[in-house]
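The next block holds one structure in the form of structure tokens; read it before the comments.
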Amino acid sequence: MKNTSTLGLFLAVIITLSVVSCNTSDPVFDAPVPGKMQLLFDNVAGSADLKLNASTYQNAAGESFTVTKFNYFISNLRLRKEDGSEYVVPQNSSYFLIEEEKPASQTITLNNVPAGKYTGLTFLIGVDSLRSMADVSQRTGALDPGTNNGMYWDWNSGYIFMKLEGISAVAPAAQNNTFFYHIGGFGRSTVKINNLRTVTLSFRNDVVNVQMDATPALRITTDALKIFNGPTQLSIAQHPSVMFDTFSTNVANNYVQMFSYDRVQAN
Amino acid sequence: MNTLRTISTKRIWLTVSVFLFGLAVACQSSKEPDPVVPPDPGPPGGGIEYKPTPVTLRKPANFPDVIYNISQNPLTVEGVALGKSLFYDAQLSRDSTVSCGFCHQQFAGFGHSDHALSHGIGGKFGSRNVPGLQNLAWEREFFWDGGVTSLDELPLTPIQNPVEMDLKFSEALSRVQKSPKYPAMFKSAFDSDTVTTARFLKAISQFLLTLVSADSRYDKYVRKEAGGDLTTDELAGLALFQQKCSTCHATDLFTDRSYRNNGLPVGAINDQGRYVITLNEADRLKFKVPSLRNVERTFPYMHDGRFTTLEQVVDHYRSGVKDSPTLDPALKVNGQPGIALTDIEKRQVIAFLKTLTDNTFINNRDFSAN
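Going down the list, the sequences are from chains A and B. Heads up: the first sequence begins at 1 in UniProt numbering, then just goes up one per residue. Heads up: the second sequence begins at 1 in UniProt numbering, then just goes up one per residue.
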């Protein structure tokens, strides 16, 4: 008798709780009290801030240029904890398109990060093959192949991972002195190139503490000059347009080095 | 007594967990609705009830297994009708002159009759011949070079191509959203009048998937149906075809979906075919083996439309095959490039190819612009 009524009460409480929680955004059975982390991507060109259609920069080949477009995909984020374990950002919320022309896109917020102390970050530049080939209904927002600001090759199904465009006197006049670097290719079937690159950053001596009431904001510097100045020196005069071709892997091998951890911002 | 209580407690726990599970599911479906799988209609919420009528994809008995994942885009009468409307809508081109159906003409097996190269907006020419469209659910990759990996994504290319329809895709979506007729059609097809990329693309796929061509005289012959009589010449042609052509033009789809070099000399456009997509030297000058269904109607032939008649095509195989590092081995038996066929055999093979014309398909009102 006693048992039954306890259970009855319990049942009633559960029902009430569940119905109430159903209306809020948090599902009932999620891990307890997660926090958030923000990543701020600060695009620069060497020691200067990157400004579209304005400042002139110089690459290691001594070529001057301005930048008119700079976009890249960041995906498959994983956060490393102090104890060596990893928090893998859920697949469905792990794709971000950073666009220099859209300041809001440069801050990404990771929700539901388990409270804890973090020491590093790993991510992919680009969009993995599984998601690239996924049903179109699973590719919305930045992944929408029809509306993501030209970051998709519709003639050769796949995302453009990194797009840098600009103007330089050394680029061909026939091309209106513009240069284009559209780098992609996830290595599907027998395709020879795979330009997916993984970046791992350590927060140096910083231990980033995520708590329910503390959202640390990490500043990551993206140096566009590294696209030119890397293992293969990229010259605009010699390569005014690199898109889907074998040389593009050299550009990917350069830009894999363009990210560095700067600091935790006070908030 | 004790046992009884245990059981009833267990049962209560079971009830609780079943209930919670049900609730979890219910909570999920109350989130953002999946744009594709039609959600359960549920109790009528004041508006019109969402009840699309399912359509079964026709799978002819003489065809291999379907490749398109139909569970991701179940066909409905409403979805197909929407897709057809979009297919024939010139609004999807910048100056509203070119629809999909402009280049893909039903009477030409959904190829562009008498156009060697694709001919789009403002009279601009593309660099490839318009292939006929049929049996797309059995296709793995699209275009002559297989560059497009999903039928659902295909419309992005012609709509945005500057020499085809030349319209930004986002602009196409917004035109459709603003048009008086479409929102209601999206509502009945997908239970939402919001035009999204996925819904737009999947509606066109639905229509394209219904374009099944399987009622030619040859099909009826194979399935032993009425009207399936082949003449002596046609039968001889079929035997020759099976012997000399079906390595590549395989199965009753008449393609093995592979990429091959059939020995065409490099044309003025210098199209490198599959190489452009894979960047593998071994893929230079390879093109997707085209189906030969309705081939009598889909002239001109080959990726650049260089041949206007089937006679020219067969002559190419007889005497025009050019040797090169990537020439398909099937076209170089005994070290000699080409396929040996006498004049009589040539006539017989062509007679057979014409048995692949599917008049039921070509005249099907369901596929026509109303």
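Note that CB positions come from ideal geometry on N, CA and C, so glycine has one too.
In three-state terms, what does DSSP make of L207 (chain B)? Numbered from its first residue, the second sequence carries residue 207 (chain B) at position 207. Checking the sequence, you will find Phe at residue 207 (chain B) rather than Leu. F207 (chain B): helix per DSSP, three-state reduction.
**Prompt:** In the structure shown, what three-state DSSP assignment does I186 (chain B) receive?
**Reply:** What you label residue 186 (chain B) is simply residue 186 of the second sequence in a count that begins at 1. Per the sequence shown, residue 186 (chain B) should be read as Phe rather than Ile. F186 (chain B) falls in the helix class under three-state DSSP.
| Going along chain A in order, which residues have a C-beta closer than 8 Å to the C-beta of L86 (chain B)? | Counted from its first residue, the second sequence places residue 86 (chain B) at position 86. Simply none; closest approach about 13 Å.
Going by DSSP, which residues form a beta bridge with V148 (chain B)?
-> Counting from one through the second sequence, the residue named residue 148 (chain B) turns up at place 148. In DSSP, V148 (chain B) forms a bridge with B:F142.
### Task
Check the DSSP bridge columns for W155 (chain A) and list the partner residues they point to.
Walking along the first sequence from the start, residue 155 (chain A) turns up at place 155. Residue pairing from DSSP leaves W155 (chain A) without any beta-bridge partner.
Here's a check: name, in chain order, each residue in its chain whose Cβ is nearer than 6 Å to the Cβ of I160 (chain A), leaving out the five neighbours to either side. Within the first sequence, numbered from 1, the residue matching residue 160 (chain A) stands at position 160. Taken in chain order, the residues that qualify are M151, H182 and G184.
Need the endpoints of the beta strand (DSSP E) that R80 (chain A) sits in, please. Here residue 80 (chain A) is taken as the residue at index 80 of the first sequence, counted from 1. From DSSP, the beta strand (DSSP E) with R80 (chain A) extends over S64 to K81.
### Message
Check whether chain A comes within 7 Å of V66 (chain B), counting only Cβ atoms and requiring the distance to be less than that.
### Response
The residue you call residue 66 (chain B) lines up with position 66 of the second sequence. No, V66 (chain B) lies away from the interface with chain A (no Cβ there is under 7 Å from its Cβ).
S170 (chain B) CB to nearest chain A CB: under 7 Å? For the purposes of this step, residue 170 (chain B) is identified with residue 170 of the second sequence, where counting begins at 1. S170 (chain B) counts as touching chain A.
Notebook entry, point to check: Since P114 (chain A) meets chain B, which of its residues come closer than 7 Å, beta carbon to beta carbon?
Noted result: For the purposes of this step, residue 114 (chain A) is taken as the residue at position 114 of the first sequence. Here the premise fails: no neighbours, minimum Cβ distance about 21 Å.
Kindly indicate if chain A contains any beta-carbon less than 7 Å away from that of L201 (chain B).
Within the second sequence, residue 201 (chain B) is the residue found at index 201, counting from 1. Yes, L201 (chain B) lies at the interface with chain A (some Cβ there is under 7 Å from its Cβ).
Under a CB-based cut-off of 7 Å, is I193 (chain A) close to chain B? Reading the first sequence from its first residue, position 193 is the one you call residue 193 (chain A). True, the Cβ-Cβ gap to chain B drops below 7 Å.
Q) How about the stretch 148 to 165 of chain B and the stretch 255 to 269 of chain B: do they share at least three Cβ pairs that are nearer than 8 Å? A) no
Between which two residues does the beta strand (DSSP E) harbouring F123 (chain A) extend?
Walking along the first sequence from the start, residue 123 (chain A) turns up at place 123. First-last of the beta strand (DSSP E) with F123 (chain A): G116 to I125.
Ignore the nearest five residues each way along the sequence and tell me which others in V222 (chain B)'s own chain have a CB closer than 8 Å to its CB.
Here residue 222 (chain B) refers to the residue found at position 222 of the second sequence. Excluding positions up to five away in sequence, the list reads N62, G228 and D252.
Review point. Under 6 Å from any heavy atom of the ligand COA, does the C-beta of G84 (chain A) make it?
Key: The ligand COA is not part of this structure, which contains no ligands at all.
By Cβ distance, which residues of its chain are closer than 8 Å to G126 (chain B), with the 5 residues on each side in sequence left out? Counting from one through the second sequence, the residue named residue 126 (chain B) turns up at place 126. Excluding positions up to five away in sequence, the list reads L117, S118, H119, G120, N161, V163 and E164.
* **Per-residue DSSP class, three states only, for G123 (chain B)** => Against the second sequence, residue 123 (chain B) aligns to sequence position 123. Correct three-state label for G123 (chain B): helix.
Check: Listed from N- to C-terminal order along the chain, which residues in the stretch 144 to 165 of chain A have their beta-carbon within a distance smaller than 7 Å of any beta-carbon of chain B?
Finding: Answer set for the stretch 144 to 165 of chain A: D144, P145, G146, T147, D154, W155, N156 and S157.
Nearest chain B C-beta to T16 (chain A) closer than 7 Å, yes or no?
-> For this step, residue 16 (chain A) is matched to residue 16 along the first sequence. Because T16 (chain A) carries a pLDDT of 41, less than 50, the predicted location of this residue cannot be relied on, and the following value inherits that uncertainty. With 7 Å as the cut-off, T16 (chain A) does not count as an interface residue toward chain B.
Tell me which residue opens and which closes the beta strand (DSSP E) that S202 (chain A) is part of. As a working mapping, residue 202 (chain A) is identified with position 202 in the first sequence. Element bounds for S202 (chain A): R197 to S202.
Have a look at the DSSP bridge pairing and note the partners of M37 (chain A). On the first sequence, residue 37 (chain A) is found 37 positions in, with the first residue counted as 1. According to DSSP, which records beta bridges pairwise, M37 (chain A) is partnered with A:L110.
- Is the Cβ-Cβ distance between Y68 (chain B) and A137 (chain B) less than 7 Å? Mapped onto the second sequence, residue 68 (chain B) falls at position 68. Mapped onto the second sequence, residue 137 (chain B) falls at position 137. The answer is yes: Cβ separation under 7 Å.
So that I know if they touch, is there some Cβ in chain A lying closer than 7 Å to that of G22 (chain B)? Counted from its first residue, the second sequence places residue 22 (chain B) at position 22. The predicted model places G22 (chain B) with a pLDDT of 40, which falls under 50 and marks its position as unreliable; any figure quoted below should be read in that light. So no, G22 (chain B) is outside the interface.
(Q) Restricting to Cα atoms, I'd like to know which of A:Q238, A:V113, A:D128 and A:K117 is closest to N195 (chain A). (A) Taking the first sequence and counting its residues from 1, one reaches residue 195 (chain A) at position 195. If we check each option's Cα against that of N195 (chain A), A:D128 comes out closest.
(Q) Can you check whether the C-beta of L156 (chain B) is within less than 7 Å of a C-beta belonging to chain A? (A) Reading the second sequence from its first residue, position 156 is the one you call residue 156 (chain B). With 7 Å as the cut-off, L156 (chain B) counts as an interface residue toward chain A.
Check: So the beta strand (DSSP E) L218 (chain A) belongs to, where does it begin and stop?
Finding: Working through the first sequence from its first residue, we reach residue 218 (chain A) at position 218. It spans A217 to D223 - the beta strand (DSSP E) in which L218 (chain A) sits, taken as one unbroken run.
Return helix, strand or coil for S319 (chain B), following the three-state DSSP convention. Taking the second sequence and counting its residues from 1, one reaches residue 319 (chain B) at position 319. Correct three-state label for S319 (chain B): helix.
Worksheet entry | Residue-chain proximity (D128 (chain A), chain B), Cβ-Cβ < 7 Å | Along the first sequence, one-based indexing puts residue 128 (chain A) at 128. Not closer than 7 Å to any Cβ of chain B, the Cβ of D128 (chain A) fails to qualify, so no.
Quick one: does V136 (chain A) have its CB under 7 Å from some CB of chain B? One-based indexing of the first sequence puts residue 136 (chain A) at position 136. Answer yes: the Cβ-Cβ gap between V136 (chain A) and chain B drops below 7 Å somewhere.
| message | Quick check on the burial criterion: 16 or more other C-beta atoms within 10 angstroms. Buried or exposed for N92 (chain A)? | response | Position 92 of the first sequence, counted from the first residue, corresponds to residue 92 (chain A). It counts as exposed.
C-alpha gap between L201 (chain A) and T122 (chain A), whole angstroms
Translated into positions along the first sequence, residue 201 (chain A) becomes position 201. Translated into positions along the first sequence, residue 122 (chain A) becomes position 122. L201 (chain A) and T122 (chain A) have their C-alpha atoms spaced approximately 6 Å apart.
Worksheet item: Which value, in whole angstroms, describes the spacing of the CA atoms of P114 (chain A) and V210 (chain A)?
Response: Against the first sequence, residue 114 (chain A) aligns to sequence position 114. Against the first sequence, residue 210 (chain A) aligns to sequence position 210. P114 (chain A) and V210 (chain A): Cα-Cα distance of roughly 7 Å.
Simplified DSSP assignment, three categories, for S55 (chain A): As a first step, residue 55 (chain A) is located in the first sequence; it is residue number 55 there, counting from the start. S55 (chain A): coil per DSSP, three-state reduction.
query: Excluding the five sequence neighbours on either side, which residues of its own chain have a C-beta within less than 6 Å of the C-beta of A214 (chain B), listed in chain order?
result: Position 214 of the second sequence, counted from the first residue, corresponds to residue 214 (chain B). Excluding sequence neighbours, A214 (chain B) sits near P60.
Within 7 Å of any Cβ in chain A, is that where the Cβ of D152 (chain B) sits?
For the purposes of this step, residue 152 (chain B) is taken as residue 152 along the second sequence, with counting starting at 1. It does: the Cβ of D152 (chain B) has a partner Cβ on chain A nearer than 7 Å.
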